[in-house]
Amino acid sequence: MMELDRIVELIIEKKGFDIVIIELKGITSIADYFILASGWTTEHLIAIAENIEKEFEPFREDGRGSKWLSLDYVDIIVHLFTKEAREFYDLEGFWIKAPQKKILLEV
12 MMELDRIVEL
22 IIEKKGFDIV
32 IIELKGITSI
42 ADYFILASGW
52 TTEHLIAIAE
62 NIEKEFEPFR
72 EDGRGSKWLS
82 LDYVDIIVHL
92 FTKEAREFYD
102 LEGFWIKAPQ
112 KKILLEV
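If you read the sequence shown in the numbering used here, its first letter stands for residue 12, the second for the next number, and so on.
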C-alpha cells in the first residue's frame, strides 16, 4: 500500500485532480489496483507521469502525448486522462462493481 500512497502523493505534487483508486483484487488479473487521475492538457499528463517516473520505473508506458497516458507497474496501473478523455472512456463506470476510493484534496 506504500507505493500506492506515494504514487498518489506524486500525482498531487503536480496538481493532478479527480484521483480515484479502484481495487481490482479478486475481480481481474490485470492488476491489483488502478489509480485514475486527471490533468488539464497532454503536457500536464506528461508532467505528472514524469514526476511518478522519478521514483518508480514503469514496466510499461503507453499513450505519451495523447489524452490517455498509462504507467504499468504490474500490480498497479496508473491511468492519467484529460477531463474529456476520462469522461469518454469512463473506467469508473466500467469497473463499477469494484471498490473505489476517491482522494479528497484539501483546498
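All C-beta atoms, glycine included, are put in the ideal place defined by N, C-alpha and C.
If you follow the alpha helix (DSSP H) that residue i is in, where does it begin and where does it stop?
i	result
ARG17	13-24
ALA58	53-64
GLY104	102-105
Whose CA, out of the options, lies closest to the CA of residue i?
i	options	result
THR53	ALA96, LYS113, ILE107, VAL89	ALA96
HIS55	ASP16, GLU64, LYS26, ALA109	LYS26
VAL19	TRP106, PHE105, VAL89	VAL89
GLN111	ILE22, ALA48, ILE23, LYS78	ALA48
PHE105	LYS94, LEU116, LYS65, LEU35	LEU35
ILE46	LYS78, LYS108, SER40, LEU15	LEU15
ILE41	LYS94, ILE23, ILE87	ILE87
TRP51	LYS65, LYS108, ASP43, TRP79	TRP79
Which word fits residue i, buried or exposed, when buried means at least 16 other C-beta atoms lie within 10 angstroms of its C-beta?
i	result
PHE92	buried
PHE70	exposed
GLY76	exposed
Does DSSP put residue i in a helix, a strand or coil?
i	result
PHE92	strand
PHE28	strand
ARG75	coil
GLU34	strand
PHE99	helix
ILE87	strand
LYS113	strand
With 8 Å set as the bound, which would you pick, yes or no: does the beta-carbon of residue i sit closer than that to a beta-carbon of chain C?
i	result
GLU24	No chain C appears in this structure, which consists of one protein chain only.
>> Taking contact to mean 3 or more Cβ pairs, one atom from each stretch, closer than 8 Å, check whether the stretch 72-87 and the stretch 101-112 are in contact.
In response: no
>> For the pair the stretch 28-44 and the stretch 52-60, tell me if three or more CB-CB distances fall below 8 Å.
In response: no
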